[in-house]
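In the UniProt record's numbering, the protein residues as written are 1 to 329.
All C-beta atoms, glycine included, are put in the ideal place defined by N, C-alpha and C.
Predicted model only: the values in this text are computed from it and were never measured.
Comments concern the structure below.
In structure tokens, the structure reads:
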């Protein structure tokens, strides 16, 4: 155990990190970052609105899509305050208590997204394996139970993490490696024995992300087995086409996470900016691109988006027309 200073833990601030070496253009970098957050907010909110307002979309597949959109909104809202504060205001300090709250929500929504992706894989498996029994297996009650289980599991597993971190003394350099607070990043700044924290963090990762990814792979193994047993090539392609959006969402979530994990463990000589960029890919891009993927691949959502856009254009046209006439009068 390293010697600690006499500084009061509650008066401690952590310093966040943006993209190293690009401090001079942080204001310009804030523009695409703001655009990403706006796109995430608009895209996911639109999916929620479309599913809520169209009765024909009140079915398990779209309920799970709504859960994914809610999770993406939560993940964006968790990272937004510190990221935009760094790039727009140049403020890098964050109070420890605020940091722990952010850490809790980031990891909770991240695990929640993994859990929702797993339930969506189960949904696709049931739809392809037992299409005639789909409605009786995934009833509204069972969908609600799955959603509740996702929330309880994600929150319950992460409540101990900030509590355990709060009990540690922090007396090293308070510079974090990312633009938001993450469990491993905060833990490495402690000057006490963190083996218990590390073991618990590993347990959470293995029991959530590890188990979820394995079950998703297993689900698709069973899906492909079912698809290959279908005699008609057209029907096989039609069945696989219903999984494309979900496969893209899984790749968007897990690929950057695996890359970030690998570079943390084996890329000790990598540039610091690589760590930051990969973390942005993991936490920022899925909430932005998931609505795009599902809008492109889901006909019902695409049609509603086109109708909404058309109605908006008509409203704006009428407003401009009446405004012009009022000026003439």
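- Residue 170 carries a strand assignment under DSSP once its states are collapsed to helix, strand and coil.
- Pairing residue 58 with residue 136, the inter-Cα distance amounts to about 15 Å.
- In the DSSP assignment, residue 175 is bridged to 15.
- Counting only residues of its own chain and dropping the five nearest sequence neighbours on each side, residue 157 has a CB closer than 6 Å to the CB of 204.
- In the same chain as residue 164, and ignoring 5 residues on each side of it, the C-beta atoms closer than 6 Å to its own belong to 197, in chain order.
- For residue 95, the enclosing beta strand (DSSP E) begins and ends at 93–95.
- Where residue 25 is concerned, there is no enclosing alpha helix (DSSP H), because DSSP gives it neither an H nor an E.
- If you draw a 10 Å sphere on the C-beta of residue 38, you find fewer than 16 other C-beta atoms in it, and that means exposed.
- Spanning the alpha carbons of residue 26 and residue 246 requires a straight line of approximately 34 Å.
- Between the alpha carbons of residue 193 and residue 167 lies a distance of about 11 Å.
- In the DSSP assignment, residue 218 falls within the alpha helix (DSSP H) that extends over 211–228.
- When Cβ pairs closer than 8 Å are counted between the two stretches, the stretch 179–195 is seen to touch the stretch 97–104, the count reaching three or more.
- Within the same chain, Cβ atoms closer than 6 Å to the Cβ of residue 29 are found at 87, the five residues on either side in sequence being excluded.
- Restricting attention to 256, 60, 128, 53, the CA atom closest to the CA of residue 225 is found in 128.
- By the criterion of a C-beta distance shorter than 7 Å, residue 82 is surrounded in its chain by 16, 94, 102, 179, 180, once the five residues flanking it on both sides are discounted.
- If you check the CB distance, residue 76 and residue 212 do not come in under 8 Å.
- Ranking 155, 111, 126 by CA distance to the CA of residue 227 puts 126 first.
- Per the DSSP secondary-structure output, residue 35 pairs with nothing in a beta bridge.
- Looking at the backbone, the Cα of residue 151 and that of residue 161 are separated by about 16 Å.
- Within 10 angstroms of the beta-carbon of residue 44 lie 16 or more other beta-carbons, which makes it buried.
- For residue 190, the three-state secondary structure derived from DSSP is strand.
- Around the Cβ of residue 262, a 10 Å sphere holds fewer than 16 other Cβ atoms; the residue is exposed.
- Every alpha helix (DSSP H) of 4 residues or more that sits fully in the stretch 99–141 is shown, in chain order, as 134–137.
- When DSSP states are grouped into helix, strand and coil, residue 274 belongs to the helix group.
- With a contact defined as Cβ atoms closer than 8 Å, residue 284 and residue 79 qualify at about 7 Å.
- DSSP places residue 295 in the uninterrupted alpha helix (DSSP H) bounded by 285–297.
- At a Cβ-Cβ threshold of 8 Å, residue 72 and residue 110 do not count as neighbours.
- Cβ contact annotation for residue 48 (same chain, cutoff 6 Å, sequence separation greater than five): 66, 69, in chain order.
- In this structure, residue 60 places its C-beta atom within 8 Å of the C-beta atom of residue 123.
- Exclusion of the five residues before and after residue 63 leaves 143 as the residues of its chain whose Cβ lies within less than 6 Å of its Cβ.
- Note that the C-beta distance between residue 19 and residue 273 is below 8 Å.
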